[in-house]
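Undergrad: What follows is a structure written as structure tokens; I'll ask about it next.
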Amino acid sequence: MTDYAAPLADMRFALKELAGLDEIAQLPGYEEATPDLVEAILEEANKLASQVIAPLNHSGDREKASCENGAVRTPKGFPEAYRQFVEGGWNALPFEPDYGGQGLPWTLGAALSEMWNSANMSFALCPLLTQGAVELLQAHGSEEQKEAYLPRLISGEWTGTMNLTEPQAGTDVGAVKTRAKKEGDHYLITGQKIYITYGEHDFTENIVHMVLARTPDAPAGTKGISLFIVPKFLPNERGEAGTRNDLRCVSIEHKLGIHGSPTCVMAYGDSGGAIGYLIGEENRGMEYMFTMMNNARLTVGLQGVAIAERAYQQALSYARERVQSAEVGQRGQPVTIIHHPDVRRMLATMKCQTEAARALAYVAAAELDRAHHEPDESKREQHQVDGIDLLTPVVKAWSTDLGVEIASIGVQVHGGMGFIEETGAAQHLRDARITPIYEGTNGVQALDLVGRKILRYKGETALRFCQRVEEEMRALDASNRVKTVASAVGAACESLKQATGWLVEAAERDMKLAAAASSPYLRLFGTVAGGWQMARAAQRAEELLAEGEGDAGFLESKIKSALFYADNVLPQSIGLMTAATRGAETTLIFDDADF
Ligand SMILES: Cc1cc2nc3c(=O)[nH]c(=O)nc-3n(C[C@H](O)[C@H](O)[C@H](O)COP(=O)(O)OP(=O)(O)OC[C@H]3O[C@@H](n4cnc5c(N)ncnc54)[C@H](O)[C@@H]3O)c2cc1C
């Protein structure tokens, strides 16, 4: 098990040179995000992540969260680390100041999320869910609800959860059966929820559950779902945790990974009904829940980046120590495995894709900041539709798929030791595996991208994206090295345009074709978008080198990453385009009997 240190140089580069954090700091409301403050925050967050949270990753995996008579204990050290996290004000960083937030940009928050999740994904899931609850209440809660819950959720004194899933209602959230019966100023909630992350724990006194349920006469499906605040302890007149509510953790799941994070089966209303408070209006719960899910999807995408980074650091460290075989073509002494070209290929594959995914996730977070803080309304709309809406499913699914693949390469770099738990390489792979599943499976992200973000606009959003990328590639005042990357991105963009054209036409023939194409199409989109960021990175690195600015070694390495991506990753676009077009037709030739 190796240590973790945040990749500060690459984070700074992605924040400043690619996501444009300095410009975001000029937007109204973000003036406090000065370069000095940003630097101090990154340094301090790295200390907490690397010195306090990361050392609990492996021990947490071995010890696991446990549940006895409904009381959940997280692994040794987790509650103390959470206390430090809250005392440092880290929970409050990206929230608006009205209820105690620090009002700093999400773009910066993205880098911090990456750090917490690289350090210890099991631990970081708790603030991730609280963040979703805060956004939900900020957007849809009444003034009274905001006052009762936001200050404590924002500070981290209480935590939040998201309760959608039931045994029969997973992807199909419309099948939720939990009941909500009106009684005076509140509702009585009865039902069971499964897989509730941090549904019960020992970090804080109170837990605020956001629960989807159905009122007695509600219409069927998603249009009949309402959303409720169901606190573990009802706030008393002083706003503190008061009477115990009628809800409990029945058990926790035994899982493939994220062992430190309790995944709870929750029972509501065993003794007559848990008190719940309606958010907004009845039957609009799914619409409200999407506020929470969208940002959580971006953060789950960052978990993919985070785990890829951690796996890379671990593989690199092992490759520098493990001695095996002489260098190819030589008969000398055995060397460390980092000298073998195939190991270098693996490390370069991990490094360049992690950098590409990081850059895209931070750029997406910057789109979110711009969509909220640009003074001009039409620009806000543009950053929403062409920016954050389009990129969210791509960041979620592409980055988490990469997280799993990169963690798997990390195991391979270790050889046999990768398969042995004591190195910790296997833990990264096990932990990563949930990320393509929760917050909407990656298959569902692909359907969201194709259906809601592309076909709804008859392909125009995707074509505008391609146009933007192509214009930027043409405008690069490119050295030979950057030209190579830019032309590979241009070629990949052609594949994306072709697949988009096919998608629009095929959807008119048969929506099943578009659905069958959606996953390879999303992968193609992510591959191109990653290449776009790598080309921009290479260009900026060349410029900084020419100006004699920055760390020359780091900048040279950025250019090499981009070149590797251009030659080893971008050519996959042709195969992905084939899969997203002809391949989709072939998918549909199978009958039930063929399987
Ligand atoms: C560790 C963990 C933590 C979790 N945390 C939470 C939490 O905090 N709160 C919460 O509410 N839930 C949580 N979940 C639940 C999680 O979000 C669901 O597991 C996920 O949404 C998938 O639902 P499902 O498991 O029922 O799979 P299913 O919906 O049964 O899906 C099975 C497969 O079928 C595919 N599929 C299903 N429907 C379609 C479709 N229409 N089109 C194409 N493919 C489809 C899926 O992509 C998947 O591959 C958690 C789950 C786990 C394992």
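When we follow the numbering used here, the leftmost residue of the sequence shown carries the number 1459, and every step to the right adds one.
All C-beta atoms, glycine included, are put in the ideal place defined by N, C-alpha and C.
Once the 5 residues before and after residue 1779 are set aside, which same chain residues still bring their CB inside 8 Å of it?
TA: So the qualifying residues of the chain are 1794.
Undergrad: Please report how far the alpha carbon of residue 1775 lies from the alpha carbon of residue 1871, in whole angstroms.
TA: Taking the straight line joining both Cα atoms gives about 10 Å.
Undergrad: Please report the straight-line C-alpha distance between residue 1518 and residue 1717, rounded to a whole angstrom.
TA: The alpha-carbon atoms of residue 1518 and residue 1717 are separated by roughly 7 Å.
Undergrad: Considering Cα atoms alone, identify which of 1746, 1921, 1832, 1856 is closest to residue 1484.
TA: Considering only alpha carbons, the answer is 1832.
Undergrad: Less than 7 Å separating the Cβ of residue 1587 from some heavy atom of ligand 1?
TA: Within the cutoff, so yes.
Undergrad: Where does residue 1932 land, buried or exposed, given buried means 16+ other C-beta within 10 angstroms?
TA: So residue 1932 ends up on the exposed side.
Undergrad: Per DSSP, which one or two residues make a beta bridge with residue 1766?
TA: In DSSP, residue 1766 forms no bridge with anything.
Undergrad: Would you report the Cα separation of residue 2052 and residue 2043, rounded to the nearest angstrom?
TA: Distance between the alpha carbons of residue 2052 and residue 2043: 16 Å.
Undergrad: Using the C-alpha atoms, what's the distance from residue 1842 back to residue 1644?
TA: C-alpha separation (whole angstroms): 35 Å.
Undergrad: Is residue 1897 near ligand 1 - that is, is its Cβ less than 7 Å away from at least one heavy atom of it?
TA: The answer is yes for residue 1897.
Undergrad: Would you kindly report the start and end of the unbroken beta strand (DSSP E) that includes residue 1723?
TA: 1721-1726 is the extent of the beta strand (DSSP E) around residue 1723.
Undergrad: Can you round the beta-carbon distance between residue 1921 and residue 1985 to whole angstroms, since I take them to be within the 8 Å contact cut?
TA: That belief does not hold up - the Cβ atoms of residue 1921 and residue 1985 are roughly 17 Å apart, past 8 Å.
Undergrad: By the 10 Å Cβ neighbour count, where 16 or more other Cβ atoms means buried, how is residue 2016 classified, buried or exposed?
TA: Under this definition residue 2016 is a buried residue.
Undergrad: So, using beta-carbon positions, are residue 1944 and residue 1936 closer together than 8 Å?
TA: Yes; because the gap between Cβ atoms is below 8 Å, this pair is in contact.
Undergrad: Name, in chain order, the residues that DSSP records as bridge partners for residue 1624.
TA: Its beta-bridge partners are 1627.
Undergrad: From which residue to which residue does the alpha helix (DSSP H) around residue 2033 run?
TA: Residues 2030-2037.
Undergrad: So the alpha helix (DSSP H) residue 1809 belongs to, where does it begin and stop?
TA: Run containing residue 1809: 1799-1831, per the alpha helix (DSSP H) assignment.
Undergrad: By alpha-carbon positions, which one of 1571, 1654, 1573 ends up nearest to residue 1628?
TA: Residue 1628 has its Cα closest to that of 1654, out of 1571, 1654, 1573.
Undergrad: Look up residue 1526 in the DSSP assignment and say whether it is helix, strand or coil.
TA: Three-state result, residue 1526: strand.
Undergrad: Can you determine whether any heavy atom of ligand 1 sits closer than 7 Å to the C-beta of residue 1620, and answer yes or no?
TA: At least one heavy atom of ligand 1 is nearer than 7 Å to the Cβ of residue 1620, so yes.
Undergrad: Would you say the beta carbon of residue 1482 comes nearer than 7 Å to a heavy atom of ligand 1?
TA: No - ligand 1 has no heavy atom lying nearer than 7 Å to the Cβ of residue 1482.
Undergrad: What did DSSP end up calling residue 1795 once you bin it into helix, strand or coil?
TA: Looking at residue 1795 - three-state DSSP - the assignment turns out to be helix.
Undergrad: Please return the same chain residues whose Cβ sits closer than 7 Å to the Cβ of residue 1948, not counting the five positions on each side in sequence.
TA: Answer for residue 1948: 1928, 1931, listed in chain order.
Undergrad: Which one of 1568, 1592, 1919 has the shortest CA to CA distance from residue 1609?
TA: Residue 1592 is the option with its Cα nearest to residue 1609.
Undergrad: For ligand 1, any of its heavy atoms closer than 7 Å to the Cβ of residue 2046?
TA: No, the beta carbon of residue 2046 sits no closer than 7 Å to any heavy atom of ligand 1.
Undergrad: Report the three-state DSSP secondary structure of residue 1841 (helix, strand or coil).
TA: If DSSP states are grouped into helix, strand and coil, residue 1841 belongs with the helices.
Undergrad: What does the alpha-carbon distance come out to for the pair residue 1620 and residue 1558?
TA: If you take the alpha carbons of residue 1620 and residue 1558, they lie about 22 Å apart.
Undergrad: Over what stretch of residues does the beta strand (DSSP E) that includes residue 1655 continue unbroken?
TA: Here the beta strand (DSSP E) through residue 1655 covers 1644-1655.
Undergrad: When DSSP builds the beta bridges, which residues end up paired with residue 1668?
TA: The partner list for residue 1668 (beta bridge, DSSP) reads 1620, 1687.
Undergrad: Skipping 5 residues on each side, what residues in its chain have a beta carbon closer than 7 Å to that of residue 1768?
TA: Once the five neighbours on either side are set aside, the close Cβ partners of residue 1768 are 1462, 1576, 1886.
Undergrad: Give the straight-line distance between the Cα atoms of residue 1498 and residue 1728, rounded to the nearest whole angstrom.
TA: Their Cα atoms are separated by approximately 49 Å.
Undergrad: According to DSSP, which residues form a beta bridge with residue 1641?
TA: Residue 1641 is bridged to 1644.
Undergrad: One question on the structure: do residue 1686 and residue 1736 come within less than 8 Å of each other, judged by their Cβ atoms?
TA: Cβ distance < 8 Å, so residue 1686 and residue 1736 count as in contact.
Undergrad: Using DSSP bridges, identify the partner residues of residue 1776.
TA: Bridge partners of residue 1776: none, in fact.
Undergrad: With three or more beta-carbon pairs closer than 8 Å as the criterion, would you say the segment 1834-1848 touches the segment 1963-1976?
TA: Taking 8 Å as the limit for Cβ pairs, the verdict is that the segment 1963-1976 does not touch the segment 1834-1848.
Undergrad: Do residue 1657 and residue 1722 come within 8 Å of each other at the CB atom, strictly closer than that value?
TA: Yes, the Cβ-Cβ distance between residue 1722 and residue 1657 is below 8 Å.
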